[in-house]
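Asks: One structure follows; several queries about it will come next.
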Amino acid sequence: GARRRLGAPPGLDLPPSPSQPKPGLCAPAYSGACTPSTQASPAGILEFAPEAECLPCPSLGSAGHPLLCAAPCRYLQRKGGCRDGRRCPNCHICLWSRSGCGRNAGAYDASGPPAREAAPPLSEGSRGHPHWCAAPCKHARRKGGCRDGAACTLCHACVWQRRPAAPAPASPAALSLP
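Following my numbering from start to finish, the sequence shown increments by one per residue and tops out at 307.
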């Protein structure tokens with residue numbers, strides 16, 4: 130017969146297993162944030178659960194907090210809050226402040242880690258990153274970002290690179306000795 134897992138007796142809470150994150154902490158990164166579903170595709174490849182089944186993070190940029198998260202969201206503490214909510218590419222756990230000077234002004238308060246670049250928004254093509262994702266999107270890391278955003282069919286987690294130039298063929302004159 131099928132084996133049943135027994136839970137903790139009523140009134141006794143067991144600590145989470147080492148494979149599960151501690152409550153209140155975000156997933157280490159997008160590639161580890163979604164857990165593989167219990168069913169494999171017909172080809173035998175594990176499929177990732179939809180975003181709603183991911184580990185709870187207040188925003189996309191909060192993944193990996195406090196070391197790998199994006200820059201703090203400056204709109205979170207405003208009256209209306211952050212309009213992007215859970216889809217915000219900035220961290221909703223780190224506190225943004227105006228204090229600071231120079232290049233990092235307004236990025237982190239004095240107690241926070243050094244400022245980092247904001248994480249690009251995730252895309253449909255990023256599913257399965259880094260092993261089964263789509264080709265890198267060349268617009269994801271540009272100033273304006275990718276115009277397709279989360280609907281982009283290319284991977285926003287991979288870094289797009291221009292192909293290296295092919296080496297110029299050596300001329301016979303360059304190969305001859307003087």
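Even for Gly, the Cβ is constructed at its ideal location relative to N, Cα and C. As the structure is a computational prediction, the values presented were derived from the model and not from experiment.
Pick out whichever of Arg271, Pro265 and Thr282 has its Cα sitting closest to the Cα of Val288.
Replies: The shortest CA-to-CA distance from Val288 to any of Arg271, Pro265 and Thr282 is the one to Pro265.
Asks: To which residues of the same chain is Gly209 closer than 8 Å at the C-beta, ignoring the five residues directly before and after it?
Replies: none
Asks: In this structure, does DSSP put Ala236 in helix, strand or coil?
Replies: Confidence at Ala236 is low in this model, with a pLDDT of 42, below 50, so its placement is unreliable and the value that follows should be read with caution. Correct three-state label for Ala236: coil.
Asks: Between Ala269, His221, Ala199 and Trp225, which has its C-alpha nearest Cys284's C-alpha?
Replies: Ala269
Asks: For Gln290, count neighbouring Cβ atoms within 10 angstroms of its own Cβ and tell me buried if that reaches 16, exposed if not.
Replies: It counts as exposed.
Asks: Do Pro259 and Ala286 have their CB atoms nearer than 9 Å?
Replies: yes
Asks: Compare the C-alpha of Cys211 against each of Gly274, Ser188 and Glu253 and name the closest.
Replies: Ser188
Asks: Taking C-beta to C-beta, are Leu205 and His221 nearer than 9 Å?
Replies: yes
Asks: Applying the criterion that 16 or more other CB atoms from any shown protein chain within 10 Å of the CB defines a buried residue, is Arg256 buried or exposed?
Replies: buried
Asks: To which residues of the same chain is Cys202 closer than 6 Å at the C-beta, ignoring the five residues directly before and after it?
Replies: Cys211, Cys217, Asn219 and His221
Asks: Report buried or exposed for Leu251, applying the criterion of at least 16 other Cβ atoms within 10 angstroms of its Cβ.
Replies: buried
Asks: Where does Gly214 land, buried or exposed, given buried means 16+ other C-beta within 10 angstroms?
Replies: exposed
Asks: Express the C-alpha separation of Ala192 and Arg292 in angstroms, rounding to a whole number.
Replies: Rounded to the nearest angstrom, the two C-alpha atoms are 31 Å apart.
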